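Working notes for the structure below.
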Amino acid sequence: MLLGRRPELLLAALALCCWLASVRGACPSKCNRHGTCGSDNTCICFPGYAGYDCNDRACPTASPWVDFATADNSVRSVAEECSNRGRCNRGNGRCECDAGFGGVACERLQICRSNCNGHGKCMSMRAMAAAKNDFNLLYSATYDTPWDADRIYGCVCDHGYTGVDCSLRQCPYGDDPVSTGQVDEVQSVSCLCSGCTGTFTLSFRGEATR
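Going left to right, the sequence shown walks through residues -25 to -1, 1 to 185 as mature numbering (1 follows the signal peptide of the UniProt record, and there is no 0) numbers them.
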């Protein structure tokens, strides 16, 4: 009886093998509709998704602050999630940055604590270099090609305040009157009267006469 049914058994076994192969070979959870199934039965996730079944949200990437060395004077330059300075929330795809870092990909080093306490401005390296404020002795410069031009931020304190977060009051300071071996400083002030009305104003380093 079994010999007569051998062809049927072989067909059933073959069908079972094909079914098992299709089940095992299919991409997990059909990539949750967040990706396509590759030829090797692994998910190729759409942008914004990650994981073996594309069920996790991917976080923004940027050049990492720390990474593995590729030589004695260089590191790997592949963009990393949250710049290797934060953790990716797989539920919403947002970076939870380490203390002192900010930006959508934790790409900014921010030491502007407490928003400079209302006594200064939080500026990038690029903006700080371009600023010109003679009173605080900041002179205009170009700083836009280095990698950290828009990634490192710091407080530029208002006059009378100091500290990394502009939280400290600054006392008057000047040259020690008993110092020796120095020359007198000469300041030149010019006055231009245009359409004179009988009064004029002198300005010097951000201060003006009244």
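Each residue gets a CB set at the ideal place from its N, CA and C atoms; glycine is no exception. In this text the structure is predicted, and so the values were computed from the model without any measurement.
DSSP, reduced to helix, strand and coil, places residue 64 within a strand of the structure shown.
As DSSP reads the structure, residue 46 sits in a beta bridge with 49.
Residue state for residue 83 is assigned as strand, using DSSP reduced to three classes. The alpha-carbon of residue 8 is positioned some 8 Å away from that of residue 29.
Fewer than three Cβ pairs drawn from the segment 92 to 103 and the segment 39 to 46 lie within less than 8 Å of each other, which leaves the two stretches out of contact.
The beta carbon of residue 129 sits closer than 6 Å to those of 86, all from its chain and outside the five residues before and after it, given in chain order.
When DSSP states are grouped into helix, strand and coil, residue 58 belongs to the helix group. Going by beta carbons, residue 63 and residue 81 fall outside the 7 Å limit. Each of 1, 179, 24, 21 was checked against the Cα of residue 14, and the nearest Cα belongs to 1. In this structure residue 32 does not touch residue 10 by the C-beta definition: roughly 13 Å separates them, more than the 8 Å allowed.
About 4 Å separates the beta carbons of residue 141 and residue 91, which is inside the 8 Å limit, making them a contact pair.
For residue 69, the uninterrupted beta strand (DSSP E) run begins and ends at 69 to 72, by DSSP. Residue burial is scored here from C-beta neighbours: residue 179 has fewer than 16 other C-beta atoms within 10 angstroms and is therefore classed as exposed. Looking only at 88, 66, 127, 184, the smallest Cα-Cα distance to residue 138 is reached by 88.
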